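Asks: First the structure, then my questions, so here it is.
Numbering (my numbering), first residue to last: -7 to 336.
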């Protein structure tokens, strides 16, 4: 397996990363968490520059394409941990006559992670706040929450949300996943543990929340890495933590079966999927070696490989294409937007 690094651009404090497919072409998107730093898109086989999605708004934590709508997405802007009162908001982006237009659709203090779950013909909206309010960057005295609602058909309609769960201190970790029947779910990590959330099967039904695991979970990702039919869970512990573990279901509960051995600080990013068909966890750390690495299960044991050092990924996004896999990495420490091309 060959991995080639391709730097796409310098982006100060590069933080969010995503992809969209429209006009039959993959578009790869990177955004900064700093105020007034660009969000930009690259496209196609050779990652040529596509466009600037915005120049002024910063603080981008997440960007998610809207299911069943081409050339439309939601994004978090103006999330700044040091700013109180919080300016964080969700915006709706839409490509109109070759230009991206935006409308604010929701403002809740310290919105940090969100997603859109397509169930039938309904787009369910879910959002997590890292805290309710903060007096300063280090104030964690007020818990974050999970809010849910139904995304309207257009940004001109009101997005109504309600609290699904409260009491989630340092509510930072999130990963979308799918159950064995193909139904969508989400995993949220906080100081109180790991929670699984599922949207209603039918409009007007109840959301479900289930505690999966105790512990201080700062980030989470899932995949059946050993191909035994049950997904393992990789976690960063605690918030912006110094431990990365893999947990396996054994005798009805999750137990640690792997710990990343390098000394680390400020571990921040996890994702999972397949690299050339092999189930893989991918992780990024922002301090000390500031490494990007992956873990696979080979011949009955976990195997760890370093991809890069000195880069400090804030977020990762995996795209599987026919003849290659792409690890999109928002390299925060190195202030760069990068794609790692994985080939046979």
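Yeah, the Cβ is synthetic: ideal placement off N, Cα and C, and Gly gets one too. The model shown is predicted, which means the values in this text are computed figures rather than measured ones.
List the endpoints of the continuous beta strand (DSSP E) containing residue 67.
Replies: Its beta strand (DSSP E) spans residues 64 to 69.
Asks: Just list the beta strand (DSSP E) runs in the stretch 6 to 57, keeping only unbroken ones of 3 residues or longer that don't cross its boundaries, in chain order.
Replies: List check, beta strand (DSSP E) in window: 6 to 14, 17 to 24, 31 to 35, 40 to 46 and 55 to 57.
Asks: Pairing CB atoms from the stretch 66 to 73 with CB atoms from the stretch 82 to 91, are three or more of them under 8 Å?
Replies: Because the criterion of three Cβ pairs below 8 Å is met, the stretch 66 to 73 and the stretch 82 to 91 touch.
Asks: For residue 44, which residues in the same chain have their Cβ closer than 6 Å to its Cβ, ignoring the five residues on either side in sequence?
Replies: 30 and 32.
Asks: For residue 105, which of helix, strand or coil comes out of DSSP?
Replies: Strand at residue 105.
Asks: The beta strand (DSSP E) that contains residue 284, what's its start and end?
Replies: Per DSSP, residue 284 belongs to the beta strand (DSSP E) from 284 to 290.
Asks: Buried or exposed: where does residue 170 fall if 16 or more other Cβ atoms within 10 Å of its Cβ makes it buried?
Replies: Residue 170 should be labelled exposed.
Asks: Decide if the stretch 51 to 58 is in contact with the stretch -7 to 0; the criterion is three or more beta carbon pairs, one per stretch, under 8 Å apart.
Replies: Segments in contact, no.
Asks: Taking only three categories from DSSP, how would you classify residue 324?
Replies: In this structure, residue 324 counts as coil in the three-state DSSP scheme.
Asks: Since residue 143 and residue 151 should fall inside the 8 Å C-beta cutoff, what is the C-beta to C-beta distance between them, to a whole number of angstroms?
Replies: Their Cβ separation, rounded to whole angstroms, is 6 Å, which keeps residue 143 and residue 151 in contact under 8 Å.
Asks: Cβ of residue 158 within 9 Å of Cβ of residue 76?
Replies: It is not a contact, given that the beta carbons lie outside the stated cut-off.
Asks: Taking the C-alpha atoms as reference points, what is the distance between residue 280 and residue 237?
Replies: Going from the Cα of residue 280 to the Cα of residue 237 covers about 18 Å.
Asks: Which residue's Cα is closest to the Cα of residue 172: 40, 216, 91 and 242?
Replies: Answer by Cα proximity: 216.
Asks: Rounded to whole angstroms, what is the Cα-Cα separation between residue 124 and residue 263?
Replies: For residue 124 and residue 263, the distance between alpha carbons rounds to 26 Å.
Asks: Span of the beta strand (DSSP E) holding residue 273?
Replies: Looking at the DSSP string, the run of the beta strand (DSSP E) that includes residue 273 is 270 to 277.
Asks: Spatial neighbours of residue 27 within its chain, please: C-beta separation below 6 Å, excluding the five flanking residues on both sides.
Replies: Within the same chain, residue 27 has close Cβ partners 50.
Asks: Residue -4: buried (16+ other C-beta within 10 angstroms of its C-beta) or exposed?
Replies: It is exposed - the Cβ of residue -4 has fewer than 16 other Cβ atoms within 10 Å.
Asks: Report buried or exposed for residue 81, applying the criterion of at least 16 other Cβ atoms within 10 angstroms of its Cβ.
Replies: Classification for residue 81: buried.
Asks: Answer yes if the stretch 216 to 225 comes into contact with the stretch 233 to 248, meaning at least three C-beta pairs across the two stretches below 8 Å, and no otherwise.
Replies: At 8 Å Cβ cutoff, the stretches touch.
Asks: Please determine, among 245, 313 and 294, the residue with the shortest C-alpha to C-alpha distance to residue 336.
Replies: Comparing Cα positions, the closest option is 313.
Asks: Can you grab the Cα-Cα spacing for the pair residue 183 / residue 23, in whole Å?
Replies: Straight-line Cα distance between these residues: approximately 27 Å.
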